[in-house]
Amino acid sequence: MKAIKSNMAGSVWKILVSVGDEVNIGQEVIILESMKMEIPIVSEEKGVVDDIVVNEGAFVDEDVVLVRLKG
33 MKAIKSNMAG SVWKILVSVG DEVNIGQEVI ILESMKMEIP IVSEEKGVVD DIVVNEGAFV
93 DEDVVLVRLK G
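Under the numbering used here, the first residue of the sequence shown is numbered 33, with each subsequent residue one higher.
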């Protein structure tokens, strides 16, 4: 199972994918907000969204799993 992790601490502002969606390398999957800035989180792997671990509005620390991919 592949995982997309946060690269910094912040609030989950917007989730751009749903379970079952295919994602490609470089595709934005989540946007974090930190210090009034939007930080896009992109997939470094190709796969299908198996699980979205966080909810919009949640605060996450750096290196936390946000989305799990299969395939």
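For glycine and all other residues, C-beta sits at the position ideal for the given N, C-alpha and C. Every value quoted in this text rests on a predicted model; they were computed, and no experiment measured them.
| Within the chosen definition, does the region 45 to 58 reach the region 71 to 81 through at least 3 CB pairs nearer than 8 Å? | yes
| query | Residue range of the beta strand (DSSP E) that Ser43 falls in? | reply | Following the DSSP letters along the chain, one finds Ser43 inside the beta strand (DSSP E) bounded by residues Gly42 to Ile47.
| task | Look at the alpha carbon of Ile36 and the alpha carbon of Lys68, and state the distance between them as a whole number of angstroms. | result | Rounded to the nearest whole angstrom, the C-alpha separation of Ile36 and Lys68 is 22 Å.
| In whole angstroms, what separates the C-alpha of Glu65 from that of Asn56? | Computed Cα separation, rounded: 23 Å.
| Cα-Cα separation between Ser38 and Gln59, rounded to whole angstroms | 14 Å
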